[in-house]
Structures are given as C-alpha cells and as structure tokens.
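Numbering (the working numbering), first residue to last: 2 to 304.
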Ligand SMILES: Cc1cc2nc3c(=O)[nH]c(=O)nc-3n(C[C@H](O)[C@H](O)[C@H](O)COP(=O)(O)OP(=O)(O)OC[C@H]3O[C@@H](n4cnc5c(N)ncnc54)[C@H](O)[C@@H]3O)c2cc1C
C-alpha cells in the first residue's frame, strides 16, 4: 500500500493532482458509494504512464474511472487509488482518423467529429460515457459497437491495434486486465453534415423515449442470448424494490436509485433478481455493471 507518506511522495514525484479519502459518489451515475483512499487526476499521457508505474511499484491497487456510468461503488468505498481520466482532454484529426484523449465525453466527441464532417459513430449518441470507458466496455447499441471504429489505442502498456484490443460483447483487453487507455485513434466515415446531424438527433430522441429517467448504470445485466429485461419482467419483478433501489417500470433491465438509495440497496436488489430469475425462468443473469470495492457477498474487489 502507498501509505500517507508515500502517497505524498507519489504526488511530489509525478506532479499529478492528487487527493486523499476522496468521495466517489459524485463521480458515478448511481450517485452512491463511499470514498477511495486516493484519487489522481493526470492531465497528460506522461503523467498517466509515470503514475501507473509508481502505483505498480508501490503495490497499490488502482483502476481507471471515466464517467462512472457502468459502476456500483461499495458503501465502504475503495481501498486503493482511482485514476480519474476527466482531465485527459483533446481531439485531433488527420483525414478520417480522429485521435481522442480518454477523458473526452463520447457525446462531445460525436458532436466535434460532426463539425469535421466525420461520423459513423452516431449510433452511440446519448450514452453518458467517457471515450476511454466506452472503448474499455466496447459500448454499443442498435447492433453496433464502438470497437468497430477503433484503429488503435494508446495505453499505459503501449499501442494496441484494433485486432489486439480483444473486443467482445461489452468487454475488451483493457477491461479484463485493467490496462489504462490514454487515447484512442478512431477511423471514421466521411459524412454529409445534415444527414449525420439528423441521425444524431434521431438516436438521442430514441434514447430519451426508451431510457428510464433517474440515476442508473444503464443495463444492469448482459443481454447474452436473451433480453435480460424480458426475463426480469417475466419473473414479475418490474417495480420490485429494496430500500431506495427499484426495478424500473419502463425497462426492467434498469435499476433506478432514489435519493435515499445506498449501493447496498442496489446490490441486494441485483442479488434478489438473480435468485428469482434463476428459480422462475431458469436463466442465470450476468452483470454488465461492475462492482468497485467490497460487497456483503465477500470481497468482490475488481483488482
Ligand atoms: C442512462 C445510461 C444509458 C446507457 N446506455 C448504454 C448503451 O446503450 N450501451 C452501452 O454499451 N452502455 C450503456 N450504458 C453503460 C455505460 O455508459 C457504458 O458501459 C460506458 O461505456 C461506460 O463508460 P464510462 O466512461 O462511464 O466508464 P466507467 O463507468 O467509468 O468505467 C467502466 C469500466 O471501464 C474502465 N475504464 C474507464 N476508463 C478507462 C480507461 N481510460 N482505461 C481503461 N479502462 C477504463 C473502468 O475501469 C471500468 O472497468 C449506459 C449507462 C447509463 C447510465
């Protein structure tokens, strides 16, 4: 572990903006959970590389956090360091290639690409992700995935061409190994401005009409050969709640957290859904949401 003294050393050595006992609930879309021991906010690729090398040397557990839209943070928080990408910003273009820093919001990037008459990724409009998080998760919808547009990724472990990124259904080598994404080079399509703008508007409107309002992580369970929402609905669990966490009436694969919700409520509801859908429908649902820290099933630290 870093320890307070070493943490200050890490900060001094790398010059990376740093905080201790940092609240994570304001940094994830569920708005629940405890604090991380350490938080780092690198601004450059050099800072990210130096920081991760030092954290590894210290044996400190760490993970990268983007927009926090696919995570559930334990109410006890995270014993380790969180590397926030929110200050890793910037987009540059060369022909159809767009190089985007990990902390850029996906939606801003889609709008920015449009201004350069580039697109193809309009289908991702409305997903509240960072570019790094979207690529780590291989985010997608309407049958398409972000990985289809990746040319290569610059990571803390060097360059990964698209073929080496291990893209699968809501996964990648980055998600599986914890290797940090610093920037992503996308190979986009040349598009007509009006046509692409229309598509973005259409996808955002579609999402507004389909996605339940309130604090969530999007789909809680993977759609793995079945529609998890349909399975949950057929188990009679629409509207079912535990504490401040409730299965959405609009879309059963969404769990909405109200102002009183804790991460424990969300976790217990997920566990109950898994138990009942297995009993009633014979389907073993698997989480798309990622747990950060320990939950009462024992230790589910992701690292
Ligand atoms: C309302 C709503 C709608 C959604 N709709 C969709 C949808 O249609 N399709 C879909 O696929 N998802 C959807 N999601 C889920 C979520 O937005 C995606 O999984 C998204 O890709 C997560 O990005 P993020 O930046 O928030 O990642 P985070 O939640 O911050 O992190 C998710 C994972 O990515 C890793 N990660 C983040 N940044 C990096 C980095 N720079 N380097 C390495 N690893 C990193 C984290 O360690 C973690 O393992 C939705 C979520 C919400 C709240």
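By construction, the Cβ of each residue, glycine as well, lies at the ideal position given by its N, Cα and C atoms.
By the neighbour-count criterion, in which a residue is buried when 16 or more other Cβ atoms sit within 10 angstroms of its Cβ, residue 278 is buried.
As the crow flies, the alpha-carbon of residue 93 is around 37 Å from that of residue 256. Annotation: residue 66 is outside any alpha helix (DSSP H); the continuous beta strand (DSSP E) that includes it extends over 63-66. By the beta-carbon neighbour count (other beta carbons within 10 angstroms, threshold 16), residue 165 is exposed.
Judged by DSSP in its simplified three-state form, residue 49 adopts helix. Residue 265 is a Cβ neighbour of residue 297, given a cutoff of 9 Å. Taken through DSSP and simplified to helix, strand or coil, residue 278 comes out as helix. Rounded to the nearest angstrom, the Cβ distance from residue 18 to residue 38 is 16 Å, too far for a contact under 8 Å. In summary, residue 58 is exposed, with fewer than 16 beta-carbon neighbours lying within 10 Å of its beta-carbon over all protein chains present.
Within the same chain, Cβ atoms closer than 6 Å to the Cβ of residue 113 are found at 92, the five residues on either side in sequence being excluded. For the pair residue 192 and residue 186, the Cα-to-Cα distance works out to about 18 Å. Counting only residues of its own chain and dropping the five nearest sequence neighbours on each side, residue 124 has a CB closer than 7 Å to the CB of 142, 143, 145, 204. No heavy atom of ligand 1 is found nearer than 8 Å to the CB of residue 52. The beta-carbon separation of residue 182 and residue 103, rounded to 5 Å, stays under the 8 Å limit for a contact. For residue 15, the shortest separation between its Cβ and any heavy atom of ligand 1 does not lie below 8 Å. For residue 232, same chain residues with a beta-carbon under 7 Å away, outside a window of 5 residues either side, are 278, 282, 284, 286 in chain order.
The beta carbon of residue 44 sits closer than 6 Å to the beta carbons of 88 from its chain, once the five residues preceding and following it are set aside; these are given in chain order. If the five residues before and after residue 173 are omitted, its C-beta is found closer than 8 Å to the C-beta atoms of 136, 137, 138, 139, 148, 166, 167, all from its own chain and listed in chain order. Comparing C-alpha distances from residue 85 to each of 275, 36, 237, 66 shows the shortest one belongs to 66.
By the CB criterion at 9 Å, residue 75 and residue 219 fall outside the cutoff.
Per the C-alpha coordinates, the member of 202, 258, 269, 275 positioned closest to residue 235 is 275.
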